[in-house]
Structures are given as structure tokens and as C-alpha cells.
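Chemist: The listed protein sequences correspond, in order, to chains C and D. Using our numbering, read the first sequence as starting at 1 and increasing by one per residue. Using our numbering, read the second sequence as starting at 144 and increasing by one per residue. C-beta atoms are modelled at their ideal positions from N, C-alpha and C, and glycine is treated no differently.
2 protein chains.
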Amino acid sequence: MKIRYLHTMIRVKDLDRSIAFWKLLGLEETRRTESEKGRFTLVFMAPPGQPECPIELTWNWDGDEGLPADSRHFGHLAYDVENIYDMCAHLMRNGVTINRPPRDGRMAFVRSPDNQSVELLQWGGGSLPPAEPWLSMPNTGHW
Amino acid sequence: MKIRYLHTMIRVKDLDRSIAFWKLLGLEETRRTESEKGRFTLVFMAPPGQPECPIELTWNWDGDEGLPADSRHFGHLAYDVENIYDMCAHLMRNGVTINRPPRDGRMAFVRSPDNQSVELLQWGGGSLPPAEPWLSMPNTGHW
């Protein structure tokens with residue numbers, strides 16, 4: 001039987017704040033559905049050129065029990081980025097904590113506003129030469 | 144800055160059992176990494192023809208705290224399937240509970256062994272004519 005990947009859905013508390021976060025990473029909104037009857041909004045966001053790999057932000061207008069929680073059974077969303085140092089600097093300038101700084105020039109972790117863990121990897125499996133301030137930056141919390 | 148989707152990672156308790164579940168859905172193993180040093184195994188599984196949209200099963204050999212949890216901040220993984228009734232029947236025959244049966248011929252939800260919510264949708268946004276046993280099958284638990 002054929003099977004095809006559609007999206008990874010994540011629940012959000014504050015839709016605007018969440019969209020802003022994913023835009024910081026470079027994702028674009030590709031599709032949106034609003035349901036007056038169901039009192040929810042779905043926003044699909046994907047990397048440019050990858051409309052087939054979206055996340056689906058689900059916002060329940062009347063709130064959503066259990067957000068943000070910190071269970072580890074989800075894991076994370078992972079993205080390749082062109083320059084991991086520039087991305088982390090960009091995120092920090094916009095108030096995002098780099099929970100696991102890219103000390104190795106290769107890998108970083110941040111959290112979305114709803115506590116989803118997001119892994120950032122240097123493009124194509126490469127790594128940048130070690131550099132400050134990342135090299136001596138400690139971890140913050142967990143991810 | 145360029146950004147590219149890589150995978151959705153989920154943590155698993157029993158690697159063989161989890162691989163068996165995702166194979167039931169039709170996913171194929173595309174890549175595997177074992178780390179003696181880190182004491183973990185990563186197994187990438189994707190729908191046939193979609194190697195760019197894998198899930199990454201992360202198995203920590205010494206266990207993983209907090210599995211299976213039921214927090215709602217993750218959401219679910221979604222897949223189109225060729226025939227939603229046949230898929231649900233196939234899953235049931237293999238002991239999987241259909242938490243939300245496809246009463247509408249269009250949508251069903253199941254849980255992975257690690258409690259990740261999985262949405263199944265009839266291929267291409269279509270729906271099949273309503274049919275038993277689905278039509279009168281109640282929900283089980285939540286998803």
C-alpha cells in the first residue's frame with residue numbers, strides 16, 4: 001500500500017508568536033485553514049523549496065491543555081542551515097536562547113515558544129571551524 | 144539563509160517493536176547509525192520514494208526517562224495512505240488499536256508503541272464511502 005509523508009503537527013499556544021519563531025528560522029507559510037466551527041487555525045510552514053515537508057501549527061482558539069509540556073517522547077524537528085553560527089547569532093539577537101550552542105561548529109539546539117526541541121545542523125553534514133563566542137558558551141537547560 | 148528539512152526525531156523504548164510498527168505503516172529503513180560511545184542507535188525510516196522526509200527513531204541503549212509520556216505539545220505525524228480502510232484493518236490484525244476509526248472514510252488516528260500520535264488520511268484528500276465496521280466503531284482513548 002502506498003504511503004506518503006504529509007507533515008509534522010505541533011500545537012501552539014500563541015499563533016503569532018509561534019509563526020514569528022519559525023519565520024526566524026526561515027520557514028515560510030505555505031497554507032492556512034481556519035475553522036469557525038471547530039474553533040481552530042492550522043498554519044503550514046515549510047522551508048523554501050520544500051513544500052512537501054511542512055510543519056503544521058495547530059492553534060486551538062480556546063486553548064490547549066498541557067502546553068507547553070516537556071515530555072521527551074516527541075524528540076525534535078531538525079533542519080540543515082547554511083551557516084550555523086550566523087543562524088544562532090540571528091536567533092540570539094531575537095531573544096531565542098541557544099540551549100546547546102554550536103561549540104563543535106556543527107550542531108545546536110533551541111526550543112520553540114511551545115517547548116518543541118529544534119535541532120540545527122551545519123549544511124550537508126559539514127562543520128565550521130570552532131569559533132567564539134560559541135566555543136566557550138555553556139549549555140542552558142536541556143532540549 | 145538557506146534552511147532544509149531533515150527529519151522528525153522520536154524517541155523509542157524498544158527499537159525492534161517500534162521499527163515493526165513503522166513497517167506496518169509501510170515505512171522503510173533508509174539509514175542507521177550505531178554509537179558504541181554514546182550508547183544509542185538512530186534508525187531513519189521514510190515512505191518509499193520519500194527519502195527526504197524520514198522519521199528518526201532514537202533508541203538510547205540504557206533507557207530514556209519519560210517514555211512513553213502523553214504530552215500534547217508534539218502533535219502527530221501524518222501520512223496519506225492509499226486505502227484508509229485497508230490500512231486500519233491491516234493495523235488491527237496486527238494488534239494496533241484504532242483510537243479514532245475512519246468513520247468518515249477519510250481520517251484515522253493510532254498511537255505508536257511510544258505513544259506518538261499518528262494521523263492517517265485517505266490519499267490525496269479524498270474520502271471513501273462510509274462503511275462498516277468503521278461507521279459504528281467508537282473512539283478508544285485519545286490521540
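What residues are listed by DSSP as bridge partners for D/Met250?
Modeler: If you number the second sequence from 1, residue 250 of chain D lands on position 107. Answer is D/Leu264, bridged to D/Met250.
Chemist: Within a Cβ cutoff of 8 Å, which residues of the same chain sit near C/Arg39, ignoring the five residues on either side of it in sequence?
Modeler: Working through the first sequence from its first residue, we reach residue 39 of chain C at position 39. Cβ neighbours of C/Arg39 beyond the five flanking positions: Asn60, Trp61 and Asp62.
Chemist: Using DSSP's beta-bridge definition, name the partner residues of C/Tyr5.
Modeler: Indexing the first sequence from 1 puts residue 5 of chain C at position 5. In the DSSP output, where bridge partners are listed per residue, C/Tyr5 has D/Tyr222.
Chemist: Tell me which residues of the stretch 42-54 of chain C have at least one Cβ-Cβ distance to chain D shorter than 9 Å, keeping chain order.
Modeler: Ala46, Pro47, Pro48, Gly49, Gln50, Glu52, Cys53 and Pro54
Chemist: Please compile the residues from chain C whose C-beta is within a distance smaller than 7 Å of the C-beta of D/Pro211.
Modeler: For this step, residue 211 of chain D is matched to residue 68 along the second sequence. His73, listed in chain order.
Chemist: Of all the residues that make up the stretch 8-28 of chain C, which are near chain D by a beta-carbon distance shorter than 8 Å?
Modeler: Within the stretch 8-28 of chain C, the residues whose Cβ lies closer than 8 Å to some Cβ of chain D are Thr8, Met9, Ile10, Arg11, Leu25, Gly26 and Leu27, listed in chain order.
Chemist: Judging by CA-CA distance, which residue of C/Gly26, C/Glu34, C/Thr33 and C/Arg72 is the nearest neighbour of C/Cys88?
Modeler: Locating residue 88 of chain C in the first sequence gives position 88, counting from the first residue. Here the closest residue by C-alpha is C/Gly26.
Chemist: Which residues mark the beginning and the end of the alpha helix (DSSP H) in which D/Trp165 is found?
Modeler: Position 22 of the second sequence holds residue 165 of chain D. Start and end: Leu158 to Leu168.
Chemist: Looking at chain D, is there any beta carbon in it that lies within less than 8 Å of the beta carbon of C/Thr97?
Modeler: For this step, residue 97 of chain C is matched to residue 97 along the first sequence. Taking 8 Å as the CB threshold, C/Thr97 stays off the interface with chain D.
Chemist: Between the beta-carbon of D/Arg147 and the beta-carbon of D/Pro256, is there less than 8 Å?
Modeler: Taking the second sequence and counting its residues from 1, the one referred to as residue 147 of chain D is at position 4. Taking the second sequence and counting its residues from 1, the one referred to as residue 256 of chain D is at position 113. No.
Chemist: Only counting the same chain, and skipping five residues up and downstream in sequence, which positions put a Cβ closer than 6 Å to that of D/Phe217?
Modeler: Your numbering for residue 217 of chain D matches position 74 in the second sequence. Once the five neighbours on either side are set aside, D/Phe217 has no close Cβ partner at all.
Chemist: Return helix, strand or coil for D/Ile198, following the three-state DSSP convention.
Modeler: Along the second sequence, one-based indexing puts residue 198 of chain D at 55. Note: D/Ile198 maps to strand in three-state DSSP.
Chemist: Assess contact between the stretch 152-167 of chain D and the stretch 88-104 of chain C, defined as three or more Cβ pairs (one per stretch) separated by less than 8 Å. Is contact present?
Modeler: no
Chemist: Is D/Arg215 helix, strand or coil by DSSP?
Modeler: The residue you call residue 215 of chain D lines up with position 72 of the second sequence. The answer is coil: DSSP assigns D/Arg215 none of H, G, I, E or B.
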